[in-house]
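A.B. asks: The numbering used here applies: residue 2 is where the sequence shown begins, and numbers increase by one. All C-beta atoms, glycine included, are put in the ideal place defined by N, C-alpha and C. Here the structure is a predicted model, which means the values were calculated and not measured. Structure provided below as structure tokens; questions to follow.
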Amino acid sequence: MSNTRTSLTLSLLQAREAAMRFFRPQLNLHGLTEQQWRVIRILRQNGEIESHRLARLACILKPSMSGVLLRLERDGMVRRRKQEQDQRRVLVSLAPKGEQCFESMSVEMERNYQRIQERLGPEKLAELLALLQELKGIRP
């Protein structure tokens, strides 16, 4: 017997794609990938953080994070430095160019959030975000 239940994971991916359609044009305009933008945004919100924590928060696998950070550092968007107490740990922070990038994009990105809210309504969007937050907290 086949299971006709809607796939939660597929629905989440499809919803993510629908949401990203609002944001991709702005990312493309600035020559940023989705992963690079997630890193910039997280660093803007958290300040300097350890690279492994950054990878976890950005939902980027550690091997992929190395390449993302390499390109962002090459482009002058982020800085990396070894932690003084433990040279194996790398701390990452936004460089001034990364701060400028975030500032220049933030108005349009906020407009995109507003567009999504206009289509869903503020109550539904708040409910969706609350449910997603709850889902993130459950464990097998």
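Between the stretch 98 to 115 and the stretch 35 to 47, are three or more C-beta pairs nearer than 8 Å?
C.D. replies: Yes, the stretch 98 to 115 touches the stretch 35 to 47.
A.B. asks: Pick out whichever of Ser65, Pro26, Glu124, Leu129 has its Cα sitting closest to the Cα of Glu109.
C.D. replies: Counting from 1 along the sequence shown, the entry for residue 109 is found at position 108. Out of Ser65, Pro26, Glu124, Leu129, Pro26 has the C-alpha closest to the C-alpha of Glu109.
A.B. asks: My assumption, with CB atoms under 8 Å, is that Gly77 sits in contact with Ala96. Please give the rounded CB distance.
C.D. replies: Counting from one through the sequence shown, the residue named residue 77 turns up at place 76. Counting from one through the sequence shown, the residue named residue 96 turns up at place 95. Right, their Cβ atoms sit about 6 Å apart.
A.B. asks: With a Cβ-Cβ cutoff of 7 Å, do Val91 and Val79 count as a contact?
C.D. replies: Here residue 91 corresponds to residue number 90 of the sequence shown, with the count starting at 1. Here residue 79 corresponds to residue number 78 of the sequence shown, with the count starting at 1. It is not a contact, given that the beta carbons lie outside the stated cut-off.
A.B. asks: Under the criterion of a Cβ to heavy atom distance below 6 Å, does Arg42 qualify as lining the ligand SAH?
C.D. replies: Questions concerning the ligand SAH fall outside what the structure shown contains, since it holds no ligand whatsoever.
A.B. asks: Rounded to whole angstroms, what is the Cα-Cα separation between Ser65 and Arg116?
C.D. replies: Within the sequence shown, numbered from 1, the residue matching residue 65 stands at position 64. Within the sequence shown, numbered from 1, the residue matching residue 116 stands at position 115. Taking the straight line from one Cα to the other gives about 31 Å.
A.B. asks: Leu70 and Ser52 look like a contact to me (Cβ under 8 Å); what is the Cβ gap, rounded to whole Å?
C.D. replies: Your numbering for residue 70 matches position 69 in the sequence shown. Your numbering for residue 52 matches position 51 in the sequence shown. With a Cβ gap of about 7 Å, Leu70 and Ser52 count as contacting.
A.B. asks: Which whole-angstrom value describes the C-beta separation of Gln118 and Leu126, a residue pair presumed to lie in contact below a C-beta threshold of 8 Å?
C.D. replies: For this step, residue 118 is matched to residue 117 along the sequence shown. For this step, residue 126 is matched to residue 125 along the sequence shown. That pair is a contact at about 5 Å.
A.B. asks: Which residues in the same chain have their Cβ closer than 6 Å to the Cβ of Met2, if we skip the five residues on either side of it in sequence?
C.D. replies: As a position in the sequence shown, residue 2 is number 1, starting the count at 1. Unreliable placement is indicated for Met2, whose pLDDT of 44 sits below 50; no coordinate value is reported for it.
A.B. asks: Start and end of the beta strand (DSSP E) containing Glu94?
C.D. replies: Mapped onto the sequence shown, residue 94 falls at position 93. For clarity, residue 94 is Ser in the given sequence; the question names Glu instead. Element bounds for Ser94: 91 to 95.
A.B. asks: Short check: CB of Gln36 to CB of Ile61, under 7 Å?
C.D. replies: Residue 36 sits at position 35 when you count from the first residue of the sequence shown. Residue 61 sits at position 60 when you count from the first residue of the sequence shown. Yes, the pair counts as a contact, with Cβ atoms nearer than the cut-off.
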